[in-house]
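Residue numbers (the numbering used here), protein chains in the order written: chain A, 1 to 265; chain Y, 1001 to 1439; chain U, 2001 to 2358; chain P, 3001 to 3318.
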């Protein structure tokens, strides 16, 4: 694993958050946090509950707007991201508690993920023949590849609302992949999974990273997973960054241990 | 796939169609479109009772008309155009001799159909004013007066109380109306007369949804202080208006209305409503031989829905009047065609040759119940005389002599409206129905 | 046994993405269309066509319109009546200006006016959700109805204050006005509804339909995968209103034959919403089933007492009618909250495994 | 230019010219506002406790009034009839809870909303079947409601206050106060607020949802009865009243679906604003603006406060 992480860690900076501070009323969720994500790496964000990890992701894809600080993406400075722009510029995202379109089938969820890539306008959509259908089919191909990749062929036509949690997580990953993102944000992709599911998920994440060269930033509680997957780890505690280094170094970091006292898994 | 459902529905509908009590050939089928439900039921119920009871009385007393029993069937419209059309489609198959839509909206929807289905439409003092012109609307009848006649009479009356039309100059007449086609119809004439006699007009529309919430209209009245108020209301709008007028302290003797308010509509306002005036063309009360018969043969036998204390009230009697028009037309038709079981086409002729003289009113047990009414091929309305009655706190009292409509003003309006209607309804059929001058 | 998809392999995505992938469904559809186009006109009398069939089609179209908005995009609306009105009045004006042009063109064109107005009143939907939006759309309903009363230009200053439908012919055959036969009007309505339904179903099976459902199921997530909320919602409002507008024009020109503003009252909006809910949110089929139930049921009920030879006053029948429909609605919601469409699906599922359910 | 004058200057000139009329207008607006608030209150109570958007509130007003009048017409003494009507409303509440809410518990809001529609149909049908569809007189006198008016000579004119309207205002305020107290300080009130916050949580601490529901629907019934009496006495008791009840909806938007003070303030705002607009601006557009003005106001408010003036804002978390 680590060597897999090693060889990508060389890439130049893809996204950097600089001195981000985020406040909800009196509560400070993030306090002057800075770190960067390099192209092609797997970046882990860890920390005890309420450390502000999810808030960090929400800031990155523009769902929250920080009071201070900036985000640098593709070198350009963005005072405030917004979700639409994030999506268009290639940032995909999964959520801690799954945010799928429950009423739609697995297939439709993934196809919805292609929304940005589909160009045919109202007229052809109405006819659903010629160009529109060709486009539909082309994207269907891509989606089917992802379905095969994630081994969810069997649940193609099942409304995701009826799927077990583990599978939903997987479909959500699929939807994110369907966007062919440059940067993939995974918020606790393995919570509530049993061992096999976790192993599958790890495999998928690594393959996504190695096959498509997608840069990945993930939040995870399972230290084992984090240490195996990630090339570099940033540790948050009470909204502050307390460490940022390669896994092995972070493991030894006294501040981290203090923060995790008894929590380390 | 849904159409599978329709076909089911189809079977159901057909089944019903067949199952409908087929009316025996020796009967005259008279459908009554009534609305005992919905927001306007207050006006609809007494009318429906009156119509129903008079016809039933003929059945009970004389065994129908000329020995032919009347098959009376009410169809509930709830004053709703959609249901009205459904009713029409439902009854038209059972060759009705005449249809009384009892709603301006329904009438307008039926006017084009009537000529095609050969069913005469009797919209008594409502509906499309222009349909008074028989040469354009051979199948539509709206006796005894159009709304324009009514309005002209009211203006006449106001002028009379002021002491001459010249006195109207500078006066203000407020017009509070139900914000619907029915209520808006008189406005053009009102403005025309205003221009002619130099009085001002103030309009106070009342939206259908706001019928019982008129305080702002009456605040406007209080601000504008019109010398007279004219109301074109319906259903729950009327009692509310009267109450508000009383609240605002508007002089009741200057508050006039078209012929639709009944006793119930003013009673609620208490003694304050004393002096409120509206138009009418027929007697009120139960002391007519015919009504005595209705009481004897129908009400006392429990065959009527009318509450004992409402028997013979204004709108009830109006229902009776409407039924008299139907039955008299049938009689004429029987005479014309020398057949007992007449068809809708015959009754159309009957209506065109209708001639209700004072003598005839007496014969049918309604002496002095209403002015004589004579229709013709050209005139489907009669533009009969009207009178003003006043609420004395307990009953209506006639306070004016017979007033004739300003035909000189109304006629051209009718002609214009009719030609406009024809113009807009391209392909409107020319009158082909022959005109017989018997009777 | 007869309804089996077993052995029907879809070898291409094209085939797999067909709207009716299963052979039996396609056959069934054809049969139904045949019945609708040929059978019913032959069998049904003028009462059936004028009171049951044509209105059913018109309601179904309006229900589809509202379903796109409420069922697919998850936006509640009670402006339907008003939007239908816009369609009707627009069509009326157009045919007055250009009497020569075939009325069907104007019926379809009238919808665009409704679409514009619908989109306009859809603007608040970006910020307002759920019942708040429902009540907000009431503003559209009441304002439009008021406008229909207050702007004489809309009804060509008719003294009667109503739309009076002139006779218009297609290839010499009158299709509106009194002289148009029930059959003609029914067939015209049927053609329009079939075509528009086809287009609508194409739409909901494609990208646009998916983005609507995405917005419905979770608008935040939809935003995060790059679906623009406002354009999506407005498009939904526009297309929904278009269908409603066309339905409105048909209602006046192919059914009523004349209309006062009160025709497009709030009650109409409620009726359509009923059909959508009872039929099943997010299902085109549901729109048809709902329309059938809500429109046909009262007519059938009204016919029952005479059919049984019971003699009760028509008003009493009406009262009972109301109560029965009310009770049925509640019972139905208790029994099958997902609407008739879901019942249909379960039925098909059963049929699929019949006669060996295990 | 002249148009601008008519829109922006003239109305205020008029107000200044006839202050007594302005005062009268405000008073009328206040009174109808109070009654709107009462209807809205019925909505809020039910929405708070059971999350049901109760469309039947309007018809409940009519039904309550009809029952009262009908019983009196049947020869029951007025006050006894009043008591019986209250009893009827209680039975109605129980019936609704048993037959509608309980089977539909945990269903989507829209389904419950539709169910209240079914309820509306049933009540309309039943009401017309039992009492007939004709307009009836509210038995105001028999219920010792005052009649007549007080004329105040003020502001260089007269302002007429209907005794009935005064009574309406007082009764409405008393009811609102009473409800506020009940829901603030009594056990039931606490339970209700608990339910309003979270059904599950309330259940888990052993609050009986069904009991709460019966109580709120009963309370809403009482409110409906009061409204019915007041409005019935002002005009008539007829099914057209149901439409007036729709006016409560913009009030709800203004005030927020879950806020009792919101309902009251919203009611007053709607009552006052629509009267002022109709009287001073309405003539510019041919009048009859009351049918929609309230909704437009509500719409504008919504654009700035998507959850009404008082409704609590839901923070979306992901």
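Glycine included, C-beta positions come from ideal geometry on N, C-alpha and C.
Given the structure is predicted, the values throughout are model-derived calculations rather than measurements.
Under 7 Å by beta carbon: chain P residues contacting residue i
i: residue 2295 of chain U; result: Ordered by position in chain P, no residue passes the 7 Å Cβ test against residue 2295 of chain U, which lies about 15 Å from the chain.
i: residue 2334 of chain U; result: 3103, 3104
i: residue 1065 of chain Y; result: Within chain P, no residue comes near residue 1065 of chain Y; the closest Cβ sits about 30 Å away, beyond 7 Å.
C-alpha gap between residue i and residue j, whole angstroms
i: residue 3096 of chain P; j: residue 3212 of chain P; result: 13 Å
i: residue 2011 of chain U; j: residue 146 of chain A; result: 19 Å
i: residue 1047 of chain Y; j: residue 2344 of chain U; result: 47 Å
i: residue 205 of chain A; j: residue 193 of chain A; result: 15 Å
i: residue 143 of chain A; j: residue 2026 of chain U; result: 27 Å
i: residue 2250 of chain U; j: residue 1390 of chain Y; result: 47 Å
i: residue 250 of chain A; j: residue 244 of chain A; result: 7 Å
i: residue 3252 of chain P; j: residue 3040 of chain P; result: 6 Å
i: residue 2021 of chain U; j: residue 2015 of chain U; result: 7 Å
Proximity of residue i and residue j at Cβ, strictly below 7 Å
i: residue 2073 of chain U; j: residue 2198 of chain U; result: no
i: residue 1155 of chain Y; j: residue 1203 of chain Y; result: no
i: residue 91 of chain A; j: residue 14 of chain A; result: no
i: residue 1273 of chain Y; j: residue 1266 of chain Y; result: yes
i: residue 1040 of chain Y; j: residue 1088 of chain Y; result: no
i: residue 3059 of chain P; j: residue 3099 of chain P; result: no
i: residue 2081 of chain U; j: residue 2110 of chain U; result: no
i: residue 84 of chain A; j: residue 236 of chain A; result: no
i: residue 227 of chain A; j: residue 247 of chain A; result: yes
Proximal residues of chain U, C-beta to C-beta of residue i below 7 Å
i: residue 3280 of chain P; result: Near residue 3280 of chain P there are no residues of chain U at all, since even the closest Cβ is about 18 Å away, more than 7 Å.
i: residue 1116 of chain Y; result: 2178, 2179
i: residue 3107 of chain P; result: 2337
i: residue 3292 of chain P; result: 2139, 2142, 2143, 2146
Per-residue contacts from residue i into chain P (C-beta, under 9 Å)
i: residue 2072 of chain U; result: Within 9 Å Cβ-Cβ: nothing; residue 2072 of chain U doesn't reach chain P, min ~14 Å.
Within chain C, partners of residue i - CB distance below 8 Å
i: residue 108 of chain A; result: The question asks about chain C, but that chain is absent: this structure's protein chains are A, Y, U and P.
Closer than 8 Å at the beta carbon, the chain A residues around residue i
i: residue 2205 of chain U; result: 128
i: residue 2017 of chain U; result: 133, 136, 137, 140
i: residue 2217 of chain U; result: 100, 101, 102, 103, 104
Residues bridged to residue i (per DSSP)
i: residue 999 of chain Y; result: The first residue shown for chain Y is 1001 and the last is 1439, placing residue 999 of chain Y beyond what the model contains.
i: residue 146 of chain A; result: Per DSSP, none; premise fails for residue 146 of chain A.
i: residue 1231 of chain Y; result: Y:1176, Y:1257
i: residue 1202 of chain Y; result: Y:1174
Contacting residues, own chain, Cβ-Cβ under 7 Å from residue i (five flanking each side not counted)
i: residue 3014 of chain P; result: 3280
i: residue 2173 of chain U; result: 2184
i: residue 1172 of chain Y; result: 1199, 1200, 1202, 1224, 1226, 1227
i: residue 3233 of chain P; result: 3138, 3140, 3145, 3164
i: residue 1151 of chain Y; result: 1186, 1189, 1190
i: residue 11 of chain A; result: 38, 39, 40, 41
i: residue 1429 of chain Y; result: 1115
i: residue 3082 of chain P; result: 3068, 3143
Under 8 Å from the C-beta of residue i: neighbouring residues of chain Y
i: residue 3024 of chain P; result: 1219, 1222
Beta-carbon neighbours of residue i, restricted to chain A and to distances below 9 Å
i: residue 2223 of chain U; result: 63, 82, 83, 84, 87
Beta-carbon contacts of residue i that lie in its chain and below 6 Å, excluding the five residues immediately before and after
i: residue 279 of chain A; result: For chain A, the structure presents residues 1 to 265; residue 279 of chain A sits outside this window and is missing.
i: residue 2115 of chain U; result: 2238, 2241, 2242
i: residue 1433 of chain Y; result: 1138
Sequence-distant residues of the same chain with beta carbon closer than 8 Å to residue i, five excluded per side
i: residue 1021 of chain Y; result: Caution is warranted here: a pLDDT of 45 is assigned to residue 1021 of chain Y, below 50, making its placement in the model unreliable, and the coordinate value is therefore given only provisionally. No residues qualify anywhere along the chain.
Contact set between residue i and chain U, taken where Cβ atoms lie within less than 9 Å
i: residue 116 of chain A; result: 2225, 2226, 2227
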